[in-house]
Each structure stands twice: as C-alpha cells, then as structure tokens.
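Engineer: These protein sequences, in sequence, are chains A, B and C. Per numbering that gives the first Met the number 0, the first sequence starts with residue 0, numbered consecutively. Per numbering that gives the first Met the number 0, the second sequence starts with residue 0, numbered consecutively. Per numbering that gives the first Met the number 0, the third sequence starts with residue 0, numbered consecutively.
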Amino acid sequence: MSKYLLRRTLISIPVLIGISAVLFTILALAPGDPFEELATNPNVPAEVRMNLRAKFGLDDPLPLRYARWVVSMMRGDWGFSFVSRVNVDTLILQRLPATLIVLGSAQLLAVLIAIPIGTYSALRPYSFFDQAATTLAFIGFSLPTFFTGLLFILLFSIHLDWLPFIYRADISATGWRWYWEHVRQAIMPVAVLGLFQAASMTRFMRAAVLDVIRLEYVNTARAKGLSEGVTLVKHVVRNALIPVVTLVALQIPTIFGGAIVTEQIFRVPGIGSLLIASILANDTPVVMAVTFIFSCLVVASNLAADLLYGWLDPRISYR
Amino acid sequence: MDERELKTLLDEVKSGRLSRRRFVQTMIGLGLTAPMAAHILASAGVAQAQTKWTFNPTKRGGGGLVKTLWWQAPTLLNPHFANGTKDQDASRIFYEPLASYDPDGNLVPVLAAEVPSPQNGGVSKDGLSVTWRLKKNVTWHDGKPFTADDVVFNWEYVNDPGTSAVTIGQYRDIAKIDKLDSHTVKLSFKTPTPFWSAAFCGPTGMIIPKHLFQPFKGDKSREAPTNLKPVGTGPYRFVDFKPGDIVRGELHPTYHVANRPFFDQIEMKGGGDAPSAARAVLQTGEFDYAWNMQVEDEILRRWEQGGKGRADIVSGGNIEHIQLNNTDPWTEVDGERSSIKTKHPTLSDPAVRQALNVLVDRGSIQEEIYGRTGIATANFVNAPARYVSKNTKWEFNVDKASQILDAAGWKRGADGIRAKDGKKLKFVYQTSINAPRQKTQQIVKQACTKAGIDVELKSVTANVFFSSDPANLDTFPHFSTDLQMFTTTMTQPDPQRFMDQFVSWEVASKENKWAGRNPTRWRNEEYDRTWKAAEAEMDPVKRAAHFIKMNDLLIQNIVVIPVVFRPRVAAVSNRMRDVVQSGWDGDFWALAYWSKQA
Amino acid sequence: MAARVTSRSVPGGLAVAASEPRSSLWRETGRRFVRHRLAVVGSVVLLAMVIAVLVGPLVWRQPINEIDFKAKLKGPTWSHPLGTDDLGQDILARMLYGGRISLAVGIVAMLIAISIGTAIGATSGYVGGTLDHTLMRLTDMFLSLPGLPLLLLIVYLFRDALRKALGPEVGVFILIVAVIGGLRWMPVARLVRAQFLSLREKEFVESARSLGAPPLRQVVRHILPNSMGPVIVAGTIDVAAAIIAESTLSFLGLGFPPDIPTWGRILYDAKDNLDFAPHWAIFPGTAIFLTVLSINYIGDGLRDALDPRKVLGK
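So this is what it looks like as structure tokens:
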C-alpha cells in the first residue's frame, strides 16, 4: 500500500503540471479582457489600454507566458491581480476563513444528514419515511440554489426579520455576541447549500445501502447470529460507504471553488465568488492560482478516496 | 436651434423669465450636458444657486455607522487606476478633487477655495490658462498639509506613461502647471480649451498625496503600499480594505469642513446583484444606501411601499440608444467584418431607418420596463414649446412604418418578411445581458415582426460586450450585427468626448484594432467640420450651437435611435438626510454632508 | 443473473444456458418492470409530459411572445390557465414551447454524461493497472477544469461554425448538450469504477469467471447490472442539473437566446417577482420536479427489473 501511495504521489507532479498547462491555455484563449471597463470610457485613450496589456504581458506568445507563470509559482510568487493590483495569495488568504466556515459547515451538514437518513430509508424501502424523504430530496435538487436561497431570504429575512442576509466577514462585537452574530448570518447560506447537497447525497446513500443489503454476505452475517446493529455497521454501512466516500472526495474541491451561486446570493466573501469575479473580469493570475489549488485538491482527494476503498473493502486491491 | 436662439434663451434666464433649471434641462434635451450648460450660464454671468443642506450639525461625528452597498465590489483604491465607477466611488471616501459637479452641473469647490471664472480672473479670456486658488488649512489624513505641490505632482504622476493611469485623458491638454505660491496653481493649456474643468474636477480629478506617492511614479506605480491603504483629504480615514468585498473608513478628526462629517464610520460592501441590494435597503433596512439600482421600476415601487426606503432618481447624461450599422457585418473583406469598404445592404436606405425609428415603442418601454428610471426620448424633452421641431419628436406607429416601407418598394414576401431586389429585411439585434434590455429587445422585435421585419435577438455577457479584445467578434466596437443597443458607462461632463463617437477618423476598424470610438462607422463631412469647430471655439454659446447642430445631424440621418434617458437610481433609507445624488459626479460627491435621523 | 443461470442449468450446463431464447429474457424484464407500480406511474407521467410539449403548442394556440401590458402578472384564469408573466405573455404556452428544449436538453445531456461515465468507469475499474491510472488522471484533469472559461471558450469557438452547418437552433442545442453532458461524466466514472473495484472480487463474479465466461460477458451481465444503483441516482440528478445548467448558460449569453422560454429560464426570470407573483415560478419549478421524479421511479423500476434479488416483495 505504501508503495502504491508513493507511486501515486510521484506521478501527481507531472499530472499537475499537465493540468496547469491545459488550464493556462484555456484561460489564455478564452474571450474577454481584463481592461474592458476602460473600453467604454471615452476619456481613456487607446494607448493606455494597449500599454496596460503590454505591461502585464498579455500580448506575449502563449508558451512564454506559461513558462513565466511556472517559474514564478516555483518561487512562491503566486502572481499579481490585474484588477486589484494586489498579490494573489493575499486575496486568497483573505477569503479562506469565510470559505471554510460557511462551505465547510455546509458539507458537514450534508454528510450528517445524508448518511443516517439514506440508511434508514434503505432499510425500510417505500415506507412512509422513505417516500417522504425521497420527495424532499427531489424537491431539494430540482430547485436551483438561486431559487431556494431567495425563498429562504424572503421567509427569514424579509417576512420574519429573524436573520440578516448579507454576510459580513468582520463583525465588530466581542465574546459571545461575536459567535452568535456569525452563526446567525451563516445559518441561511449553510442551510441552502447543505440541504442542496444533502438531497443528492441521501439518494446515493440509499441506493448504495440497498445494493449492499441484498448481497449474500449480509445474510451470512445475520445467519452467524450477529445482531442487526452490528451487521448494519460492520457490514452494510462500511460497504455502502464506498460511493459516499467517492462523492465526498469529489465534493471537497468544490468547497473551494464551486458554491458560486450561494456566495453570490448571500454575498459571502468566499473563494468561489473570487473565482467567478476574476473569470468575468478576465483576471487571469487569480483564476490560474485558484484553479491550480483546485486541481491539487482534486488530485489529493481522489487519491485519499482510492486509499479509503482499500480500507473499507479489503478485497479491493490495486493490480 | 442656432446661436441666436440660444442667446435669446440666455437672456430669458438672466431676466428671470426662464428658470435656471429649465434652461439646463432644455440644453440636455438638445444633446448637451448639464456641466456644459452650467459653463454657459457661468460665462454669461448668471449666478449659481448653492445646494442647501437641511441638517447643519453643531459638532463633528456622533452619527454612528453608515452602511452602503455596491453590487459591483471595488477592487482597488487608487483613483488613477479605477476600473469603473465602483473604484472611483470607493476612492472618493478618502480622496477629494478640487471641485465637484452638483446635480445641476455647477462646479462646487471642495479643495479649491473658489471656482475660477472669467469674472474673478481665474479663467483667462484666451482660454489658454486657468488659475486655481487652493483652500488653506487642509491636512492629509496623516497630518501633513495639502499644498500646491500635491496638485502639480498629480499632473506629473498621471502624465508619466509608465504609470498607465486611466485618468490621463483629462490631463493631456495641459502644457505645464506653474506653482504661483503655496496655495495657487496656474494650468497652461496647449491650445485654447473651452472646457477647462476637465482636469482636477469630478471623479477623475481626485488628488493623491505627493509625499507618499513620489517614490512610486512611472513603472513603480503598482508597488506603492498606499495603493491599498489610502491617505487622502476626505471626510473618512482608511481602516480596512478587502478587494472584491468591503471597504471601511472612520471619521477624519481634522476634516477641513467644520462640523462634518456626521457619521463616525462608513462601510462600503460589494458583490451580489442589484435586486438583492435593493431589497437590503428597501425591505430589510440592513443597509442605508445602495448604488445603481438596475431593477424594474415596478418592483422598486412595490418595495418602497414598505416605508423603509425610497428610490432616489437623478438625471445624468446617459442615453440608452440603438446603433445602426452603416457597413455590412455579414461580408468579410480582408478578414474584417463590418469593414468600412462595405455598405449595409438594407440599412443604407433612409426609408428603412425611418421605419425602424417609429417601430421602437418608447412609451411602453418607459412605462412598463424602466418607469421612473428611464425617460422616453428622441433628444427633445422638456424643451420650451417653440423650440420643439416637428420631425424630431418621437413616435410609435406600426402602420406608419409599413407605409414608409411600402412606399420605398419593400414588399412583403410569402414568408411575411419584406424584401426588395432580392434583399430581405432581416436583422440581428444585440445587446448586453441585463433584464430590462432583454425586455426592450422583445418589445422592439414584436413591433418589427408586425411590420414585416424579421429580427433575431442576441445577448452577450457584459464583460465580453464591453471588452476591447481585438480578437473577439462579440464586442460592441466590432459590431458584427446589424443593430446593437447600450448606454455609455462613465459620466463625461464635456459633450466633446461624447460626440467624438461619430467622427470619421474614429471609425473602429482592423487597422486600429477596433479601438476607434465610432462603432456605427458613420462618416459625414459636415459633422466632422462642426466637431472640429467646436473643439476650438471659446464662446460657450457658439460652442453649444455647434453641438446642437451635430445632434440634429445625428437625429435627422437616424444614425442612432435613442430609446430612453437613463437617470441614476439609488436606493436610500428613509431615515437618511441630505443624500443628494449628482448625475455628473460620483455617488459620494457630497459624502461629508450625509446624515441620518435617529 | 447468476442465480437464474444456475437454476436452469442441467449437467453439461453452458450449452443450454447459452441457447436461451433472448426474447423471453426481455419479456421477463418487462414484466418485472410493470409490476413496480411507481415505475409505471413515472413512465406515464413522463410520457404525458413529452406528449404535452410535442403536441401542446399545436393545440393551445396562444402565442408565446404576445406582449400585452394590460394582462401582466395575473394569476391563472380561463384565458391564461397558468397565468401571465411581467410582459403579459402566457405562461402555459411558454412552458409548452420551452418544455421541448428543457426535456430534450435534460435527457440527452444526461444520457451523454452517463454513457461516457459508465464506459470509462467500467473499463477503468475492470481492467485496472496502467489503463485505470491513465483514465483516472484524465478524469482528474477534467474535474479540475474551471467550467465557466471552458464554456465561454468552446461556445465562442464553435458557435458560428455549428450555426452555419446546422442552423441556429440545432447548432446551439448540440453545443449545449455536449458541453453540459461533457462536464458531468466524471462523477459517474468515479462511482462506477468504485463499484467495479469492489464487485470484481465478489463471489458471483468469481464463479462466472471460473465457469469460463469471457470478460465482456462478466462485465455486461454480472457486474454492470449491480452497479446501476449509483448510476441511476446520478442520472436523475443530472437531468435536473442539466435543465438548470441550460438556464445558467442562457443567463451568461451562451445558451439559447434570452427570449426562448426554457423552464430554467422562466424560473430565473420569475425570481424577482416571487413575493408578488409566485405562480410564475411555481409552474416551471413543479415541471422540473415532476420530470426528475418520474425519471427516478423509472430508474428504480429498471434496476429492480434487471436484478433478480428484488427489493420489494410487492
């Protein structure tokens, strides 16, 4: 197993380099311009725009720009944003806390809801509980987050006036109040995102448990005289967790850059909104840095998932 | 309207028969800008009214926190690098210009002791120089005094090509600046300059401190730490800035206006979209002010009924208009579409243009979509009756369009689409992504279909449409469709800059990498001549007459079809006082005077 | 499948098993499907919706873009059974027209994602070794790609070419389903691979192997049916996601023109008037919900029909 781990880690390096080259090319070729606002401003002469483009090396040939990027990354210089003229790592670090708090909690919430409900649904398929859970899950993922987010805002902020709906990363209060304020404003985005992801995860969990529960070794375990609870945990859930582990591994990178709509609606200053704003503004250094981190996370999470499979089901081996 | 008629109008203002405000509105209706009208009035010696503030505090501060919301988040705090009004507005919390433009287009002194004029000798008769007297006892946030050195430095900073300042356009006409004493500067222009307040006034005129930026001129400009931690002369001092998220400031205890500002802290949060920002002010009251409410008026009115806030609407210079292509976007010549070597097959027929002009239902567009936030226009609004010319009023008449087309030989084919000599009336009509714009497109399309014109709609994401990327066909300078619609974004006080969108040497083409400012590619000798004459004309009345003539040429030749005037709309909490917006300056032009009822 | 083969075999075994008539197997599957009540309901609902969007516009003659400001934002009435939007356009007509696109996009994109994902995941999980490695790294790369710039780029590069070749509507359609489907196959691939890794070693597969079944047979008849669980769930989720994704594309100017009323688009247009005219949003939302629900039950029915170890005793 450790040989496998070593091999995989070593291979990750050229893989990441390859991915970064593809990413860079796509970004360079995509239409759009970081200095577009200046285009409609009659007071900005064309030379200034051309000058800015040349200054940031936007008109240089592609391989040259890529090489420059790789070299600076290796030196620890993550680049300089065209738009805000700030170091990219500063920008990312500023956004990290909000991202981890809101999006991390949403993921956790999703997993905590999905596993028990999915399992219980599968144990009593087509019962009232199962039907209710299924319907709720379907409503959950048929409605896009921009919609459910708005519904929540209408209900909790506007109608009931219980919760603020604009997220503020810096709250000037101390002690208990500080925690309470943070929780209050995080409830809605966490709920919207968490419930959306819980909806699909519950369905996967249910399907996985259903598949496993019919297999012979479960009957064998029961026949051996193991209690239902032990059977459940040691045999059923462990094996059913395989698809769930796959899913969670796929979701971890999305914490980093994927909850764009939720961040947009609640104005959570997370990395997702940084990414989308930079993409729309064609702020290539920021987009490159964020997507590169993203791809590292993808590679790492899938590696972790592969290792976990071996632990969950000892028969899985890697030839 | 010509020069003589203009002079008559001026006399009416001087004698009190016509109010100043009506005069300004008439000028706007003729295609001029309020600041220009104000210039005319000032040169004629008509006194300007001061903006009155309702609340005059007796001490500084004590007002707590004011929370403002911009749905485009600011990304930098150096006004000379601003990418759009969001950055200018964020900078305006900390920095100030020599003078601002009030809602009527008058100059109001801020860092200047008074506004220069021909009467007080500040503006020279030959138009070659302007002398500004600076306010004394103004200090920067770090305590150092503000002097003439700072003003001179700003000009050097901007003029240095290595700095790549976006404000350079306003300072290029200055040949040199002389420091007459510690608080007086004299600007000398290269050629006689009628609109002398381009430099140092309004949002592009903010002044940055020499003692902090001196080491960072030219190529080093991006490294200045003060780019992110501004030190200015404004009512608030810097506290915190997270690009793309939030800007925070606190009261400046030695601000140069007594007993101001009212608030102790200010917060400018960014991100999200316009409707939710409107909700935050009008429905939940979480915020006190929200910028640029591009929301359907009907929805705003509904939310105003909650009683927490209102939509504040003020007119500026923006006109939402439809451009008609003079060249053929569907034929490629030397790898270029919409090349100046081609002529548009159907839009070159004046009858087609006339028909299109009466097919735009401006009335419905105003009432149903924009409401108070858009005023139907053909560039003649609020003009005193005798100056309204018959063929420049707007109208909507599908039958008339059909008649015009029939008379010109465009007969309906079997598919219901009109054609003549084998050419069909089929157009592709593009604009940026924006709900009111899409609805406007649908309304126009429906009317055109009834008259036998086939219209295909296209919408392009804003940051691509307004981009300057030479390789992208979807940008508005490329104009690869037959019709396109938009509004210009930043305010320009001087119509010279607005009207150069139609001069022949600015035609956007492959040669100039589509950086030319004339997307319609219209060329007209008379227009070119008149523009050049206006550039050098020192008499504001004569100059105004030139602009009016240019506007008439545009309207009569139907180079563009104006749709609605777009005033500025902000959402303001009902408890705020003295939040006055100016259509010719940034939202924070009078930030120091804002206050709130308890 | 393994159980059935064993029960019908006689000594000298495989020959008999191999000569089973194909049709009765399918008929058997069909019978099992029909016994799954909810699957039948699902099929009926889906069929009804498909017929409605195909035939509806021919029957219900209200135009989809007749702007009538006097009738704006009205609730359901006889002349407008689903109400009107803020330009006074009839919502029922718009939903019937846009439904064709939404359903087509949803289902086709889902099928693309599922086919590619299952093919890659199955190959990867079964064969293992270097091939598995390469395919999974390819999957990692696709997962890292930022959706939006890629979309912008692809649409920008190919839109005009497709438009010329196939006409504006079909061209855009192909582009959209390719893009949406092409970016959703990765989770399916990973899930299927995980199933294959685990099932590859299970007893019934081992017995099939020891009986001499060739790899393809093992995969198609033994492993694949048992891996369908997550694939079906992914399929239903993908349909909803594809319908919504199309509206996001339209919002960015990359999908269908903004005046084409796909369900996702109607939902998006309705969102600012939620507190005032909820009917505008409720109908497209419900339509998407029903589509997804019926596909899910159909999927459940299919899985149970293909697998002898039924879940329900009913």
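Glycine residues also receive a C-beta, built at the ideal position from the N, C-alpha and C atoms.
Should A:Arg318 be flagged as near chain C, meaning a C-beta pair shorter than 8 Å?
Structural biologist: Only weak support is given to the placement of A:Arg318: the predicted model assigns it a pLDDT of 45, under 50, and the value that follows is read from those uncertain coordinates. So, interface residue.
Engineer: For C:Phe195, report the span of its alpha helix (DSSP H) as first-last.
Structural biologist: Residues 184-198.
Engineer: For the segment 80-105 of chain C, which residues have a beta carbon sitting closer than 7 Å to at least one beta carbon of chain B?
Structural biologist: Listed by position along the chain: Leu86.
Engineer: DSSP beta-bridge partners for B:Gly248?
Structural biologist: DSSP lists B:Phe237, B:Ile265 as partners of B:Gly248.
Engineer: Roughly how many whole angstroms lie between the Cα atoms of C:Ala164 and C:Phe172?
Structural biologist: When rounded, the distance between both Cα atoms is 13 Å.
Engineer: How about C:Pro80 and C:Leu72: do their beta carbons lie closer than 8 Å?
Structural biologist: In this structure, C:Leu72 does not lie closer than 8 Å to C:Pro80 by Cβ.
Engineer: From the DSSP output, in three-state form, read off C:Phe220 for me.
Structural biologist: Inspection of the sequence shows that residue 220 of chain C is occupied by Arg rather than by Phe. Correct three-state label for C:Arg220: helix.
Engineer: Restricting to Cα atoms, I'd like to know which of B:Arg259, B:Tyr100, B:Phe152, B:Gly284 is closest to B:Cys602.
Structural biologist: Nothing about residue 602 of chain B can be read from this structure; chain B reaches only from 0 to 597.
Engineer: Within a Cβ cutoff of 8 Å, which residues of the same chain sit near B:Pro572, ignoring the five residues on either side of it in sequence?
Structural biologist: Checking the sequence, you will find Ser at residue 572 of chain B rather than Pro. Contacts found: Val280, Gly284, Phe286, Asp287, Tyr288, Lys307, Gly308, Lys595.
Engineer: In the DSSP assignment, find the alpha helix (DSSP H) that holds C:Ser143 and state where it starts and stops.
Structural biologist: That run of the alpha helix (DSSP H) goes 128-143.
Engineer: DSSP three-state label for B:Lys13, please.
Structural biologist: Of the three classes helix, strand and coil, the one that applies to B:Lys13 here is helix, per DSSP.
Engineer: If you draw a straight line from the alpha carbon of A:Met287 to that of C:Leu174, how long is it in whole angstroms?
Structural biologist: Roughly 25 Å separates the two Cα atoms.
Engineer: For the segment 274-296 of chain C, enumerate the residues whose C-beta is nearer than 9 Å to any C-beta of chain B, in chain order.
Structural biologist: Result list: Asp274, Phe275.
Engineer: Going by the CB atoms, is the gap between C:Gly105 and C:Ile297 shorter than 8 Å?
Structural biologist: Contact: no.
Engineer: Name the residue from B:Leu456, B:Lys6, B:Ala36 whose alpha carbon lies nearest to the alpha carbon of B:Gln47.
Structural biologist: Nearest C-alpha to B:Gln47: B:Ala36.
Engineer: Output needed for A:Ala197: all residues of its chain with C-beta closer than 6 Å, excluding positions within five of it in sequence on either side, in chain order.
Structural biologist: So the qualifying residues of the chain are Ala109, Ile112, Ala113.
Engineer: What residue range is occupied by the uninterrupted alpha helix (DSSP H) comprising B:Lys548?
Structural biologist: Note, B:Lys548: alpha helix (DSSP H), 539-555.
Engineer: If we cut at 8 Å on Cβ distances, does A:Met72 have a partner in chain C?
Structural biologist: For A:Met72, the answer is no, since every Cβ of chain C falls outside 8 Å of its Cβ.
Engineer: Using a threshold of 8 Å, state whether the C-beta atoms of B:Lys178 and B:Val157 are closer than that.
Structural biologist: No. Outside cutoff.
Engineer: Output yes if chain A places a C-beta closer than 8 Å to the C-beta of C:Pro214; else output no.
Structural biologist: Not an interface residue.
Engineer: Counting only Cβ pairs nearer than 9 Å, list the residues of chain A close to C:Pro56.
Structural biologist: None at all; the shortest Cβ gap to chain A is about 24 Å.
Engineer: Measure from the C-beta of A:Ala207 to each C-beta in chain B and report whether the shortest distance is under 8 Å.
Structural biologist: False, the Cβ-Cβ gap to chain B never drops below 8 Å.
Engineer: Are three or more beta carbon pairs between the segment 13-21 of chain A and the segment 128-135 of chain B nearer than 8 Å?
Structural biologist: No, the segment 13-21 of chain A does not touch the segment 128-135 of chain B.
Engineer: My parser needs the alpha helix (DSSP H) runs of 4 or more residues fully inside the segment 68-119 of chain A; what are they?
Structural biologist: Counting only runs of 4 or more, we get 87-97.
Engineer: Taking the straight line between their C-alpha atoms, what separation do you get for C:Arg162 and A:Ser156?
Structural biologist: Distance between the alpha carbons of C:Arg162 and A:Ser156 is about 45 Å.
Engineer: Can you tell me the Cβ-Cβ gap for B:Arg236 and B:Gly248, rounded? I've got them flagged as a contact below 8 Å.
Structural biologist: At roughly 6 Å, the Cβ-Cβ gap stays under 8 Å, so B:Arg236 and B:Gly248 are in contact.
Engineer: Is B:Leu75 helix, strand or coil when you go by DSSP?
Structural biologist: Reduced to three states, the DSSP call for B:Leu75 is coil.
Engineer: Please determine, among A:Val298, A:Pro252, A:Leu311, A:Ser11, the residue with the shortest C-alpha to C-alpha distance to A:Val236.
Structural biologist: The shortest C-alpha separation from A:Val236 is found at A:Leu311.
Engineer: Just by C-beta distance, which residues in the segment 315-342 of chain B are closer than 8 Å to chain C?
Structural biologist: For the segment 315-342 of chain B, which is checked against every Cβ of chain C, not one residue is closer than 8 Å.
Engineer: Within 10 angstroms of the Cβ of B:Phe587, are there 16 or more other Cβ atoms? Answer buried if so, exposed if not.
Structural biologist: Label assigned to B:Phe587: buried.
Engineer: Identify the contact partners of B:Thr283 in chain A, using a Cβ-Cβ distance below 8 Å as the criterion.
Structural biologist: Residues of chain A passing the Cβ test: Ser156, Ile157, Asp160, Pro163, Phe164.
Engineer: Indicate whether B:Val558 and B:Ala375 have their beta-carbon atoms separated by less than 8 Å.
Structural biologist: Their beta carbons are not under 8 Å apart, which means B:Val558 does not touch B:Ala375 by this criterion.
Engineer: If you reduce the DSSP assignment to three classes, tell me which class C:Trp279 lands in.
Structural biologist: It is helical.
Engineer: State the DSSP-derived secondary structure class of B:Ser431, mapped to helix, strand or coil.
Structural biologist: Strand at B:Ser431.
Engineer: So, is the C-beta of B:Lys307 closer than 8 Å to a C-beta in chain C?
Structural biologist: Cβ-Cβ to chain C under 8 Å: no for B:Lys307.
Engineer: Applying a beta-carbon distance threshold of less than 9 Å, which residues of chain A neighbour B:Asp527?
Structural biologist: By Cβ distance, chain A contributes nothing, its closest Cβ being about 17 Å from B:Asp527, past 9 Å.
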